[in-house]
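For the sequence shown, this note's numbering gives the first residue as 2, with consecutive numbering after it. Backbone N, C-alpha and C define an ideal beta-carbon position, used for all residues, glycine too. Inspection log for the structure reproduced underneath, given as structure tokens.
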Amino acid sequence: CGHRAYFFVTANVAYRKRTIEENQRKFWDLPTGEDMDFGIRARKNGWKFYFLPSASVEHMHRADLSALLRVWKSYGVAHPVLVKHHAKPSMEIVFQFIGRWPNHAIMRVPSFIKGFVYIGNFHLMHLCGALLATMFILHWVYPASIIFKAATWLSLVLAGFFTFRFFRPAFNISPYNQWLAFAKMKYFTNLYFILGGMQGSLKNGTFCIEPSF
């Protein structure tokens, strides 16, 4: 649902019959996101949601990495649709790498294109990596340039720093000899989540860069 929970998590909700009838007993046709849309429409009709600690929910886990990636991509695809139908005309930029959830720095600007942009470890790892490659080429072309040399080393440090921050949680999962498998799963779930958001944005006229996690 997004790092700051843009959408109330409504995947396991028991609704009153009257609430369902007011929502026309209808979900949308996308493979995911229909529960959040349904919950938002219920909220707009004045209904309140309550958390029940004693509730028990059984969850289906994905059988393999391919199935997991399809699910994460579908999450990303669904968010721009929700933003299109329910968000205000603004753009939120969330500096996810600053502070800890839920106290990240946020900048909101009015915008005719609805959406949000997260800047987290995954994003900065790639941006700094691209900057490193660019500075390395420029330093190779202009070896006497002190500026390009300094920029290359700075880019290397930043790329290494954000790469470590991104993959660090994988070190805490046992068995530890499967670290590469966990790191691979972490990388590709983030990638497919973001790609799904970009795909959904192109279809719905929004601009959504999903968070790093």
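- Pairing CB atoms from the region 192-210 with CB atoms from the region 159-176, are three or more of them under 8 Å? no
- Query: Helix or strand or just coil, what does DSSP make of M126?
  - Reply: Translated into positions along the sequence shown, residue 126 becomes position 125. Here M126 sits in helix by DSSP.
- Task: Could you check what DSSP says for G100 in three-state terms: helix, strand or coil?
- Result: Position 99 of the sequence shown holds residue 100. Here G100 sits in coil by DSSP.
- Message: Strictly by DSSP, which residues pair up with G116?
- Response: In the sequence shown, counting from the first residue as 1, residue 116 sits at position 115. BP columns for G116 point to M92 and F208.
- Message: Residues in the same chain with beta-carbon distance under 6 Å from A152, minus the five sequence neighbours each way, listed in chain order, please.
- Response: As a first step, residue 152 must be located in the sequence shown, where it is residue number 151. Hits under 6 Å: M136.
- Item | Straight-line gap, G201 to T207 (C-alpha atoms, nearest Å) | The sequence position of residue 201 within the sequence shown is 200, counting from 1. The sequence position of residue 207 within the sequence shown is 206, counting from 1. About 8 Å.
- Cβ contact check for the region 152-165 and the region 120-132: 3 or more pairs under 8 Å: Between the region 152-165 and the region 120-132 there are three or more inter-stretch CB-CB distances shorter than 8 Å, so the stretches are counted as touching.
- Of the residues K89, H140 and M37, the one placed nearest V110, counting alpha carbons only: If you number the sequence shown from 1, residue 110 lands on position 109. The residue with the shortest Cα to Cα distance from V110 is K89.
- Query: How about F98 and I114: do their beta carbons lie closer than 8 Å?
  - Reply: The residue you call residue 98 lines up with position 97 of the sequence shown. The residue you call residue 114 lines up with position 113 of the sequence shown. Result no, Cβ atoms of F98 and I114 do not sit closer than 8 Å.
- Query: Can you tell me whether DSSP reads R17 as helix, strand or coil?
  - Reply: Within the sequence shown, numbered from 1, the residue matching residue 17 stands at position 16. Coil.
- Query: How about G77 and E211: do their beta carbons lie closer than 8 Å?
  - Reply: Along the sequence shown, one-based indexing puts residue 77 at 76. Along the sequence shown, one-based indexing puts residue 211 at 210. Contact flag set, yes.
- Determine the extent of the alpha helix (DSSP H) in which M37 is found, giving its start and end residues. Translated into positions along the sequence shown, residue 37 becomes position 36. E35 to K45 is the extent of the alpha helix (DSSP H) around M37.
- Item | Short Cβ contact (8 Å threshold) for S112 with S146 | Taking the sequence shown and counting its residues from 1, one reaches residue 112 at position 111. Taking the sequence shown and counting its residues from 1, one reaches residue 146 at position 145. Contact flag unset, no.
- Task: Please work out which residues of its chain come closer than 8 Å, Cβ to Cβ, to K74, disregarding the five sequence neighbours upstream and downstream, and give them in chain order.
- Result: Residue numbering aside, residue 74 sits at position 73 when the sequence shown is read from its first letter. Result list for K74: Y193, F194, L196, G197 and Q200, in chain order.
- Task: May I have the straight-line CA-CA distance separating G40 from R166, to the nearest angstrom?
- Result: Locating residue 40 in the sequence shown gives position 39, where the first residue counts as 1. Locating residue 166 in the sequence shown gives position 165, where the first residue counts as 1. Going from the Cα of G40 to the Cα of R166 covers about 34 Å.
- Item | Those residues which DSSP pairs with I107 across a bridge | Here residue 107 refers to the residue found at position 106 of the sequence shown. Bridge partners of I107: V95.
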